[in-house]
Every structure is written in C-alpha cells, then in structure tokens.
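Each remark here refers to the structure printed beneath this line.
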C-alpha cells in the first residue's frame, strides 16, 4: 500500500509569516493604514501560521514547530494589542510595545542560531529578522526614525521567507530543486 | 402689585445673572502657557491611553477644550486629522491641502515645526470659536509618542494680535527647562 503524501506545513507558515510581515512594513513606512494589518495578523500571520506550526509537530521538525507556533502567537498578540489600544482594554504604551519586542528579539536570537544549521537561505532570513527586531527595539526606545529603516529591512526579510516558501512549492510542482536554499552556515 | 413687580424683577435679574454666568467660556482668552501645558498633558495622556484616547480629544465638553481654545490631533505621515473637538467634519480627512485666508498651508508648516524635539509655534489666521470671524492665531504644535504609530501631532493655540513667535519660542524653552531660567 502506497504511503499517503503529506504536505509541508512550512509552505503555509512561511506564506503567512511573509505576507503579514510585508503588509505591516507597508504600514510602518507610511504607505497604508493599520486596518489590513490587524485582520491579516489575526488570520494569516496568526491563525494559519499557528496551525502550520502545530502541524510541524507531526513531521518531527522542532524548529518549525517552535518558530511557526511562536510567530503565529506573535501576530495574534500584536493584533489583539492593537485592538486593545483602540477599545481601551489593557492599553499598551509605546514602551510596553518596546519591551514586548525586546522579548521577541531574544526569542528570535535563539532561533537564528538554529536557522544557520538548517540552510543558508533560512540563516539569511533569520539574520534579517533579528536585525529588523533590533531596529524596532531601538525605534521604541528613543530612535523613532528607525521604524522606517526597519520597515524596508523587514520587507527584504519577508521576501526571503517567501523565497523559501517558493523553494518548497516549486520543488514539489516541478519535481526538482528550482530555487536552491544553500548549505547551512554552521 | 409692588410685590408682584419686585418678584418679576427678581426673576429677570436672576435670569440675566444666570445667563451671564452661563455665557460661553470663549469670552475668556486662553494663554500661551495654557496651550503648551494642555498639549504636553494631552501628549502624556495619549502615551498612556493609546488610540483609545482619541475619543476624549474629540469631545466638545472634555478637558481638552477650555476658554476659547482646544487641543486637536493630526497625523502628518498619513495626512489625516485624527481628533478635533470643534470641527468633527475634519476628522479622518486629509489635511495637507488646508490653507488659511492668506493661502498658507497650515498643516504642512505645522508638520515641519512638530518634527523638532520641543515643537514650535505657527502664526496663521483662523476662525475664533464663537466670534464668527477670522483672527490671528498662534498655535503650539508638538509630536506625541503613541504606541503603533510613528507619532501623532498635537496642537493648541491662542488668538492674539500682539504676541511674537520669538517670545513664544522663549516661553516654550523656559517651560521645558525651568532650571535654566531662574526666577530671580
């Protein structure tokens, strides 16, 4: 009996992570308002990425399990904080958001080390993500102008995440490695 | 009969004195010190309350309207009026194209001033609440740090024919750093 083919949850996880990150940066650089960020953050970046993360458990991939579940929760929390600030429920100040981001920077730093052991493309994605988080931390603690710099930098991060997503999808549909992700850095 | 006349007189006197007391606060003129203090207080308020604080700034009877002045909020980056207690029709609408009677692009100028750390004062002409005609207005503008935003600009002004922008800038510097300006 032929074994049933399983999909790769990382394709969905990277899609949600990349798209929501990209849209938030469109807001951060001043191209659009915050509305779509909230709903995408709850649904694609949040719920879909969280489900993708939970599905990674079955594949035995602890990196994907932790990363996608973690960043899914990041997006849901961020969207709920935005809504909370609008409706006066557990309001977060700019400094509160700053410390929230510092915690996620530390989380990202751990995954960044792991990512370098997986592939060059993933190592680069997490390097860019870590730099983006550090820039956002600084933007919340005295250097507000860095929000825009972080915005452009994180757009590149989102595109890198999509590159890996495309690598997974194209490898499946073309039956060969169309977009190489490179060897691990360490 | 005399008693009845006195009674009517008493009612009229009390009615008019009551009206005098209830006369619009716009008769009193706001001071530059009050404008600066209110803008800084609103800035701190928004830092704590986030976007939920905008409703308070939109209230006509709230703490952000006093005498003949009021605090209003706008977003230079997204070209939007965020809160305005006396002109709700402007809220949510683009602002950069708004000019005064002399053709001055008020909000473009205010956004330039708001980018400096202590903010600044702008002179233009605007309708004074209750007056029904335009007056010389001097408005203090400052950027408030608020979560999920690159900053919201807050402003409040005074209607005055004599005050100079130099004096107002000195006043702002003095209020921002009173230690540098001893009383004696």
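Residue numbers (the numbering used here), protein chains in the order written: chain A, 1 to 186; chain B, 187 to 370.
Think of the CB as a built atom: it goes at the ideal place given N, C-alpha and C, for glycine as much as any other residue.
8 Å Cβ cutoff, residue i in contact with chain B
| i | result |
| --- | --- |
| residue 134 (chain A) | no |
| residue 74 (chain A) | no |
| residue 86 (chain A) | yes |
| residue 45 (chain A) | no |
| residue 92 (chain A) | yes |
| residue 144 (chain A) | yes |
| residue 40 (chain A) | no |
| residue 147 (chain A) | yes |
| residue 34 (chain A) | yes |
| residue 138 (chain A) | no |
| residue 80 (chain A) | no |
Min CB distance residue i to chain A below 8 Å
| i | result |
| --- | --- |
| residue 336 (chain B) | yes |
| residue 254 (chain B) | no |
| residue 264 (chain B) | yes |
| residue 233 (chain B) | yes |
| residue 211 (chain B) | In this predicted model, residue 211 (chain B) has a pLDDT of only 44, less than 50, meaning its place in the structure is not dependable enough to derive any value. |
| residue 332 (chain B) | yes |
Proximity below 8 Å, CB of residue i to CB of residue j
| i | j | result |
| --- | --- | --- |
| residue 157 (chain A) | residue 128 (chain A) | yes |
| residue 275 (chain B) | residue 338 (chain B) | no |
| residue 346 (chain B) | residue 322 (chain B) | yes |
| residue 6 (chain A) | residue 23 (chain A) | no |
| residue 228 (chain B) | residue 330 (chain B) | yes |
| residue 90 (chain A) | residue 98 (chain A) | no |
| residue 125 (chain A) | residue 164 (chain A) | yes |
| residue 93 (chain A) | residue 233 (chain B) | yes |
| residue 351 (chain B) | residue 295 (chain B) | no |
Cut-off 7 Å between Cβ atoms - residues of its own chain near residue i, not counting five sequence neighbours on either side
| i | result |
| --- | --- |
| residue 166 (chain A) | 179 |
| residue 263 (chain B) | 336 |
| residue 241 (chain B) | none |
| residue 149 (chain A) | 135 |
DSSP-derived helix/strand/coil call for residue i
| i | result |
| --- | --- |
| residue 371 (chain B) | This structure gives no information on residue 371 (chain B), because the portion of chain B shown stretches from 187 to 370. |
| residue 183 (chain A) | coil |
| residue 149 (chain A) | helix |
| residue 6 (chain A) | coil |
| residue 286 (chain B) | coil |
| residue 333 (chain B) | coil |
| residue 174 (chain A) | helix |
Residues near residue i in its chain [Cβ-Cβ closer than 8 Å; skip 5 each side]
| i | result |
| --- | --- |
| residue 279 (chain B) | 266 and 267 |
| residue 349 (chain B) | 218 and 324 |
| residue 141 (chain A) | 95 and 98 |
Neighbourhood of residue i by C-beta, 6 Å cutoff - its chain only, sequence neighbours within 5 removed
| i | result |
| --- | --- |
| residue 45 (chain A) | 16, 20 and 75 |
| residue 114 (chain A) | 63 |
| residue 360 (chain B) | 367 |
| residue 194 (chain A) | Nothing can be reported for residue 194 (chain A), as the shown portion of chain A is limited to 1 through 186. |
8 Å Cβ cutoff, residue i in contact with chain C
| i | result |
| --- | --- |
| residue 238 (chain B) | The chain inventory of the structure shown lacks chain C, comprising the protein chains A and B. |
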